[in-house]
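Chain order of the listed sequences is A and B.
Quick note on the numbering used here: the first sequence kicks off at 522 and runs consecutively.
Quick note on the numbering used here: the second sequence kicks off at 5 and runs consecutively.
A virtual CB, placed ideally from N, CA and C, is assigned to each residue, including glycine.
The structure appears below as structure tokens.
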Amino acid sequence: MNPDDRKYTREHEWALLEPAGAGTVLVGITHYAQDQLGDVVYLELPTVGATVGYLAKMGEIESVKAVSDLYSPVSGAVTEVNGRLAHEPELVNNDPFGEGWMMRVRITDPGELDGLMDAAAYGEYVGQL
Amino acid sequence: MSTDTNSDNLRTALYQTHVDLGARMVPFGGWDMPVQYRGVISEVAAVRADAGIFDVSHMGRLHIGGPNAAGLLDILLTGSASSLRAGRARYCFVCNERGGVIDDTIFYRLADDEFLLIPNAGNRAAVALWFDRQLAHHFDGRGVRITDRTMLTGLIALQGPAAAGVVDRLCEDFAPGARLPRNPGRTPVPSLLRPFAWGRGHIDGRRVFIGRTGYTGEDGFELAMGSSDIAPVWQKLYEAGATPCGLGARDVLRLEAGLPLHGHELTDTITPIEAGQDRFVRRDGGYNGADVLDHQRVYGARRRLVGLTLPGRSAPRAGYDVLADGEAVGVVSSGTYSPTLERCIAMAFVDTAHTAPGTTLTVDIRGRLAEASIVELPFYQRSG
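Quick look at the structure:
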């Protein structure tokens with residue numbers, strides 16, 4: 522269920538390293554996270570150009586029931602934010618690993634990705650929750 | 005994110021049904037309950053446009069019987085029990101001597117000397133204990149039997165504009181608890197019940213108690229039956245098209261309808277007058293806390309519950325500060341994004357000087373200051 526092509530945090534974000542040379546990752550939250558949250562109605566995301574920190578708070582995600590913090594899986598500069606989420610936050614529920622991506626970050630330290638879980642480790646981690 | 009369910013929690017007779025339907029289970033009031041099945045927004049929409057079913061078996065079923073039952077309830081409840089006719093129900097409060105709310109409840113008069121009282125899940129033990137203790141101080145402790153039948157029975161809420169049609173189709177041998185109005189020669193059906201009236205019938209051959217009550221702001225019914233009958237009755241309602249709805253949708257629906265939730269708008273240090281529930285408090289006194297409530301009704305309370313609406317989708321949540329000109333004047337008791345109204349709504353306790361409808365206040369949403377307008381409650385009222 523969790524794609525093999527990306528890395529995962531304990532806070533249920535994913536980071537997908539884009540094709541060689543780009544030096545960017547896409548960031549979103551996992552299927553498990555959106556399922557726990559329920560219907561997403563609002564996201565507070567960083568703006569383009571903002572700096573995000575490794576496993577530091579980068580925004581908020583709000584469902585009908587509750588609000589949760591979002592953490593960046595990498596440090597770097599935000600180069601793009603998924604503008605569709607402002608009007609279609611339900612994309613996070615419907616396609617968390619695809620159309621529901623949140624931001625693109627130019628990474629400063631690729632080694633940070635090594636500190637995250639792969640799909641198998643994340644699947645095991647979620648299974649224990 | 006929600007905590008895991010706990011093996012110490014109680015389970016309703018529908019627990020496996022919820023799991024089989026794909027519900028996410030959460031702890032609530034000492035029970036493992038479904039918070040949602042498909043999603044809060046679609047479940048809210050089903051109740052507003054069609055019909056939803058809720059397992060509310062976690063709420064209590066206390067039977068209060070005996071020759072002094074009405075007399076004791078008159079002392080313990082803000083609503084009159086002795087003036088309630090058999091066949092009818094009433095919403096009111098169990099107050100302590102300071103006028104604080106131990107619980108809010110609907111109680112049904114089953115017969116001259118028998119009542120069914122529905123406390124909240126988390127308050128069932130406290131209410132039963134309070135009643136036992138109070139009985140010791142009145143009537144020499146005699147003439148009232150208090151029986152907790154919560155674990156022997158189950159309760160389903162069927163709510164929404166299509167609820168009456170569903171229950172009329174499924175219910176056989178319906179008998180109202182009191183004579184129905186304007187029904188010469190017609191076979192009685194549950195939809196002929198007035199709000200806050202009840203009757204009995206059979207669904208799927210199982211004996212069901214049917215009250216025209218609910219907690220969603222829609223027309224609807226609450227159905228009580230034996231524990232072993234609840235799964236098949238639920239299945240019949242589900243096959244009839246009613247959408248399973250969890251506690252998440254229930255909370256949004258009640259908030260849209262401006263209905264208070266104990267623990268938020270009502271607590272043992274908040275009075276019904278402060279919570280704007282004056283119409284469920286009788287004026288002739290004689291109940292616990294009447295001195296305080298009468299005084300507040302005449303001279304006013306320092307704080308009052310108000311409704312707030314905010315544009316956007318970032319909702320005020322319980323505990324957030326409410327400000328006027330930069331000064332804290334109140335606190336949010338409940339808040340959510342309202343999928344029906346497509347804006348954020350909240351209820352808040354605010355210093356009485358700042359409670360006029362139309363007043364603009366500010367809510368501190370995790371450091372962001374958002375403008376909020378005071379509006380008359382309820383936020384949502386069904387048409388017709």
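Handout entry: Neighbouring residues, chain A, relative to TYR341/B (Cβ below 8 Å)
Key = Counting from one through the second sequence, the residue named residue 341/B turns up at place 337. Those are VAL562, TYR563, GLU583, VAL585, listed as they occur along chain A.
Problem - Contact under 8 Å by Cβ, TYR341/B with VAL585/A - result: For this step, residue 341/B is matched to residue 337 along the second sequence. For this step, residue 585/A is matched to residue 64 along the first sequence. Yes, they are a contact pair.
Problem - Closer than 8 Å to chain A by CB, ARG317/B - result: Counting from 1 along the second sequence, the entry for residue 317/B is found at position 313. Cβ-Cβ to chain A under 8 Å: yes for ARG317/B.
Practice task
Can you pull the chain A residues whose beta carbon is under 9 Å from the beta carbon of VAL44/B, in chain order?
Solution key: To locate residue 44/B, count along the second sequence from 1; it is residue 40. The answer, in chain order, is GLY559, ASP560, SER584, VAL585, LYS586.
Problem - N- and C-terminal bounds of the alpha helix (DSSP H) containing THR21/B - result: Within the second sequence, residue 21/B is the residue found at index 17, counting from 1. From DSSP, the alpha helix (DSSP H) with THR21/B extends over 19-24.
Handout entry: Alpha carbon of ALA397/B to alpha carbon of ILE214/B, nearest angstrom
Key = This structure does not reach residue 397/B, given that chain B is present from 5 up to 388, and the question cannot be answered.
Exercise for the section: Report yes if the CB atom of LEU76/B is closer than 8 Å to the CB atom of GLN138/B, and no otherwise. Expected result: Here the question's residue 76/B lines up with position 72 in the second sequence. Here the question's residue 138/B lines up with position 134 in the second sequence. Yes, these two residues count as a Cβ contact at 8 Å.
Exercise for the section: Have a look at CYS348/B, VAL336/B, HIS266/B, LEU120/B and flag the residue whose alpha-carbon is nearest the alpha-carbon of ARG92/B. Expected result: Taking the second sequence and counting its residues from 1, the one referred to as residue 92/B is at position 88. Comparing Cα positions, the closest option is LEU120/B.
Handout entry: Which of helix, strand or coil DSSP assigns to HIS141/B
Key = To locate residue 141/B, count along the second sequence from 1; it is residue 137. Helix at HIS141/B.
Handout entry: DSSP three-state assignment for LEU469/A, whether helix, strand or coil
Key = Absent from the model: residue 469/A. The displayed extent of chain A is 522 to 650, so no value can be given.
Practice task
Using 7 Å as the cut-off, classify the Cβ of VAL647/A as near or not near the heavy atoms of the ligand ZN, replying yes or no.
Solution key: The ligand ZN is not part of the structure shown, which contains no ligands of any sort.
Exercise for the section: Hey, could you find the ends of the beta strand (DSSP E) ARG210/B is sitting in? Expected result: Here residue 210/B refers to the residue found at position 206 of the second sequence. Here the beta strand (DSSP E) through ARG210/B covers 210-215.
Exercise for the section: Please work out which residues of its chain come closer than 7 Å, Cβ to Cβ, to ASP8/B, disregarding the five sequence neighbours upstream and downstream, and give them in chain order. Expected result: Within the second sequence, numbered from 1, the residue matching residue 8/B stands at position 4. Any reading at ASP8/B must be qualified, since the residue scores a pLDDT of 49, below 50, and its modelled position is unreliable; no value is offered.
Exercise for the section: Counting only the same chain and skipping the five closest in sequence on each side, list residues whose C-beta sits under 7 Å from that of VAL51/B. Expected result: Here residue 51/B refers to the residue found at position 47 of the second sequence. Result list for VAL51/B: GLN163, GLY164, THR220, GLU222, CYS249, ALA253, LEU257, in chain order.
Handout entry: ALA543/A burial status per 10 Å Cβ neighbour count (16 or more: buried)
Key = Walking along the first sequence from the start, residue 543/A turns up at place 22. Per the 10 Å Cβ criterion, exposed.
Problem - Whole-angstrom distance between VAL30/B and SER6/B, CA atom to CA atom - result: Counted from its first residue, the second sequence places residue 6/B at position 2. Counted from its first residue, the second sequence places residue 30/B at position 26. Because the pLDDT of SER6/B is 37, which lies under 50, any placement of that residue in the model is unreliable, and the number read from its coordinates should be weighed accordingly. Using only the alpha carbons, I get a separation of about 7 Å.
Exercise for the section: Would you grab the beta carbon distance between TYR592/A and LEU606/A for me? Rounded to a whole angstrom, and I think it's under 8 Å. Expected result: Numbered from 1 along the first sequence, position 71 holds the residue referred to as residue 592/A. Numbered from 1 along the first sequence, position 85 holds the residue referred to as residue 606/A. Actually they are not in contact, since the Cβ atoms of TYR592/A and LEU606/A sit about 17 Å apart, beyond 8 Å.
Handout entry: For ALA374/B, the three-state DSSP class (helix, strand or coil)
Key = Residue mapping note: residue 374/B aligns to position 370 of the second sequence, counting from 1. Strand, per DSSP.
Problem - Residue range of the beta strand (DSSP E) that includes TRP35/B - result: What you label residue 35/B is simply residue 31 of the second sequence in a count that begins at 1. Note, TRP35/B: beta strand (DSSP E), 35-40.
Problem - Closer than 7 Å at the beta carbon, the chain A residues around GLY252/B - result: As a first step, residue 252/B must be located in the second sequence, where it is residue number 248. What GLY252/B touches in chain A: GLY559, VAL585, LYS586.
Handout entry: Check whether ARG113/B and ARG146/B have beta carbons under 8 Å apart
Key = Numbered from 1 along the second sequence, position 109 holds the residue referred to as residue 113/B. Numbered from 1 along the second sequence, position 142 holds the residue referred to as residue 146/B. Not closer than 8 Å, so no.
Problem - 8 Å Cβ cutoff, GLY40/B in contact with chain A - result: Here the question's residue 40/B lines up with position 36 in the second sequence. Checking the sequence, you will find Gln at residue 40/B rather than Gly. Yes, contact with chain A.
Handout entry: Three-state secondary structure assigned by DSSP to PHE58/B
Key = The residue labelled residue 58/B in the question sits at position 54 within the second sequence. In the three-state reduction of the DSSP assignment, PHE58/B falls in the strand class, which pools E and B.
Exercise for the section: Return yes when the Cβ of THR344/B is within less than 8 Å of the Cβ of VAL60/B, no when it is not. Expected result: If you number the second sequence from 1, residue 60/B lands on position 56. If you number the second sequence from 1, residue 344/B lands on position 340. Against a cut-off of 8 Å, the Cβ pair of THR344/B and VAL60/B comes out as no contact.
Exercise for the section: Take PHE143/B and list the residues in its own chain whose beta-carbon comes closer than 6 Å to its own, dropping the five residues that flank it on each side. Expected result: For the purposes of this step, residue 143/B is taken as residue 139 along the second sequence, with counting starting at 1. ASN72.
Practice task
Can you give me the start and stop residues for the alpha helix (DSSP H) that GLY644/A sits inside?
Solution key: In the first sequence, residue 644/A corresponds to position 123, counting from 1. Per DSSP, GLY644/A belongs to the alpha helix (DSSP H) from 640-649.
Handout entry: Strand pairing of LEU266/B, partner residues [DSSP]
Key = For this step, residue 266/B is matched to residue 262 along the second sequence. As written in the sequence, residue 266/B is His, which differs from the Leu given in the question. Its beta-bridge partners are LEU270/B.
Practice task
Measuring alpha carbon to alpha carbon, tell me which of GLU331/B, ASP255/B, ALA261/B ends up nearest GLY267/B.
Solution key: Here residue 267/B corresponds to residue number 263 of the second sequence, with the count starting at 1. Checking every option, the nearest Cα to that of GLY267/B belongs to ASP255/B.
Practice task
Using the DSSP secondary-structure output, state which residues sit across from GLY43/B in a beta bridge.
Solution key: Start at 1 with the first residue of the second sequence, and residue 43/B comes out as number 39. Per DSSP, none; premise fails for GLY43/B.
Problem - Sequence-distant residues of the same chain with beta carbon closer than 7 Å to ALA536/A, five excluded per side - result: Taking the first residue of the first sequence as 1, we reach residue 536/A at position 15. Closer than 7 Å at Cβ, skipping near neighbours: ARG527, LYS528, VAL546, VAL548, PRO594, VAL595, LEU634, LEU637.
Handout entry: Segments assigned beta strand (DSSP E), at least 3 residues, entirely inside the segment 561-601 of chain A
Key = 561-565, 578-584, 588-592
Exercise for the section: Please check the pair ALA279/B and PRO382/B, which I expect to be a contact at CB under 8 Å, by giving their CB distance rounded to whole angstroms. Expected result: Walking along the second sequence from the start, residue 279/B turns up at place 275. Walking along the second sequence from the start, residue 382/B turns up at place 378. In fact, because the Cβ distance is near 14 Å, the residues do not count as touching under 8 Å.
Exercise for the section: Check whether the Cβ of THR7/B lies closer than 8 Å to any Cβ atom in chain A. Expected result: By one-based count along the second sequence, residue 7/B stands at place 3. The pLDDT assigned to THR7/B is 42, lower than 50, so where the model puts this residue is not dependable, and the model offers no usable value.
Practice task
Out of HIS358/B, ILE122/B, ALA27/B, state which residue places its alpha-carbon closest to the alpha-carbon of ARG308/B.
Solution key: In the second sequence, residue 308/B corresponds to position 304, counting from 1. Here the closest residue by C-alpha is HIS358/B.
Problem - C-alpha gap between PRO180/B and LEU174/B, whole angstroms - result: Translated into the one-based positions of the second sequence, residue 180/B becomes position 176. Translated into the one-based positions of the second sequence, residue 174/B becomes position 170. Near 16 Å, if we compare the C-alpha coordinates of LEU174/B and PRO180/B.
Problem - Within the segment 298-344 of chain B, ranges of the beta strand (DSSP E) (whole runs, at least 3 residues) - result: 307-314, 325-328, 331-342
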